[in-house]
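Inspection log for the structure reproduced underneath, given as structure tokens.
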Amino acid sequence: MPPAAATPLPKIVPVQGSPWQVLLTFLRLGLTSFGGPIAHLGYFRSEFVERRRWLDDARYSDLVALCQFLPGPASSQVGIAIGMLRAGWLGALAAWIGFTLPSAILLIAFGYGISHFAFVADSGAVHGLKVVAVAVVAQAVWGMARTLCPDPPRAALAILSALLALILPSTLGQLSALVVCAIVGLLAFKAPPTDGPHELPLTTVSRTAGAISLALFAALLIGLLLAAHTGSPLFTLLSGFFQTGALVFGGGHVVLPLLQAVAVPSGAIGNAEFLAGYGAAQAVPGPLFTFAAYLGTVMHTPLQGWIGGLVFLLAIFAPAFLLVVGALPFWDSLRRRTTVRAALMGVNAGVVGLLIAALYDPLWTSAIHSKADFGLALTAFGLLVLARVPPLAVVVLCAIAGAALQGF
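Encoded structure:
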């Protein structure tokens, strides 16, 4: 009996849509996608695999795997990749704009409220936003630890990362923790095997274009670092935001400790205003990275207001865009390197540790001042984890409760 013919790889799908169509579709998702990155990926699958059939389940799963592997906001990167698949480079840009713009506008508006009405920052409602941030990050630690630290070695690595972050409360300390975790993962962990090769269904990204995108990422990273060494506070902040976008593994909540280490010690923003914005970011749809738009609006820089919001928004998202575009042509060979995946196992455990450290400082130390605060945070945590109440409802409840507690 002759051997069965090998199953051919799926053909590359040609570009078949318009950037305008991509923009409108992602704008609707940007207005309605609450619940964080895991929920966003579910919305994307329903919209683009089941409803619109822009791609099949296999291609979608491969894109999700790539974006979970890369640093940056996974849901936004999946959206950029889908936009690229559908309408080329302009489609990728349209997908990012549509999904990001609604929450960016809302957080810039909140930033104006904090900046122009000083009493808002000291109100009970804003204190409620700080308290709900404790519950949200505790929920993230709870979920991520179960997924990313399922065994004692990785749990121990998370504890080591938390200790390093607490001992060295700075961007350097957090970066050092991630590097140590990557080295331990590379030396001590064994990544499971992957399945066979896949053909990446994109015509618009050649290996040359991917290499140029990665080179541009490296040039911006190094260039901003050099500019920061000139002593310019603005370039120091821009470099810090770009580095944050290049270092966030494991979920958008990791921006909290990284951005706090960049913005607060520099004096650009107070810890109270920082945490108020982070709490507000839980109440808006779309990616959590748009927290950078709020910070750019309220920080004391030459670019205050909506211009600052947009500039710092671009600074934190630029690495995500360049990395996903650059990695797409090389994904199939990259994903099968066991050394890379073993190092990533260590990094993922490390980011859980960073969140544990952030849960204590700055969140707990800044928001929990009384038994009532602790009770409100515990209630919010229970609603999020046990009752699975939508984050928006929990945020509103905590803001109202914070205002009520101040009245007493």
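Using my numbering, read the sequence shown as starting at 2 and increasing by one per residue.
Ideal Cβ placement from N, Cα and C applies to all residues, glycine included.
None of the values given here were measured: they were computed from a predicted structure.
{"Asked": "Valine 353 vs alanine 178 beta-carbon contact at 8 Å", "Found": "no"}
{"Asked": "Three-way DSSP call (helix, strand, coil) for arginine 29 in this model", "Found": "helix"}
{"Asked": "Under the three-state DSSP convention, the category alanine 93 falls into", "Found": "helix"}
{"Asked": "Whether leucine 108 touches alanine 281 by CB criterion (8 Å)", "Found": "yes"}
{"Asked": "Coarse secondary structure for aspartate 374, derived from DSSP in three states", "Found": "helix"}
{"Asked": "C-alpha gap between glycine 224 and alanine 134, whole angstroms", "Found": "34 Å"}
{"Asked": "Spatial distance of alanine 156 from cysteine 182 (CA atoms)", "Found": "11 Å"}
{"Asked": "Beta-carbon contacts of leucine 187 that lie in its chain and below 8 Å, excluding the five residues immediately before and after", "Found": "Thr340, Ala343, Ala344, Gly347"}
{"Asked": "Rounded C-alpha distance that separates threonine 291 from proline 74", "Found": "10 Å"}
{"Asked": "Same chain only: Cβ atoms within 7 Å of alanine 402, ignoring 5 sequence neighbours per side", "Found": "Gly129, Leu377"}
{"Asked": "Short Cβ contact (8 Å threshold) for serine 104 with glycine 287", "Found": "yes"}
{"Asked": "Cβ-based neighbour list, histidine 117, same chain, cut-off 7 Å, excluding 5 preceding and 5 following", "Found": "none"}
{"Asked": "Nearest neighbour of alanine 350, chosen from Pro153, Phe409, Gly37 [CA to CA]", "Found": "Pro153"}
{"Asked": "Classification of alanine 219 by the beta-carbon crowding that lies within 10 angstroms, buried from 16 upward", "Found": "exposed"}
{"Asked": "Beta-carbon proximity check, isoleucine 81 vs tryptophan 55, cutoff 8 Å", "Found": "no"}
{"Asked": "Cβ-heavy atom distance, proline 258 to the ligand MN, below 7 Å", "Found": "The ligand content of the structure shown is nil, which means the ligand MN is not present either."}
{"Asked": "Buried versus exposed call for aspartate 374 [16 or more other C-beta atoms within 10 Å across all chains shown]", "Found": "buried"}
{"Asked": "Valine 285 versus tryptophan 332: straight-line alpha-carbon distance, rounded", "Found": "32 Å"}
{"Asked": "Coil, strand or helix - methionine 300 by DSSP", "Found": "coil"}
{"Asked": "Rounded separation between serine 47 and tyrosine 295 - CA only", "Found": "30 Å"}
{"Asked": "DSSP three-state assignment for leucine 259, whether helix, strand or coil", "Found": "helix"}
{"Asked": "Three-way DSSP call (helix, strand, coil) for histidine 230 in this model", "Found": "coil"}
{"Asked": "Test item: CB-CB of proline 258 and glutamine 175 under 8 Å", "Found": "yes"}
{"Asked": "Delimiting residues of the alpha helix (DSSP H) encompassing proline 154", "Found": "153-168"}
{"Asked": "With 16 other Cβ atoms within 10 Å as the buried cut-off, status of aspartate 63", "Found": "buried"}
{"Asked": "Among Ala321, Ser162, Ala264, Leu149, the one whose alpha carbon lies nearest that of leucine 67", "Found": "Ala321"}
{"Asked": "Distance CB(glycine 309)-CB(threonine 302) smaller than 8 Å", "Found": "yes"}
{"Asked": "Of the listed residues Gln22, Phe35, Gly18, nearest to arginine 389 (C-alpha basis)", "Found": "Phe35"}
{"Asked": "Limits of the alpha helix (DSSP H) - the one that threonine 339 falls within", "Found": "339-359"}
{"Asked": "Contact under 8 Å by Cβ, alanine 404 with lysine 131", "Found": "no"}
{"Asked": "Distance CB(proline 363)-CB(glutamine 261) smaller than 8 Å", "Found": "yes"}
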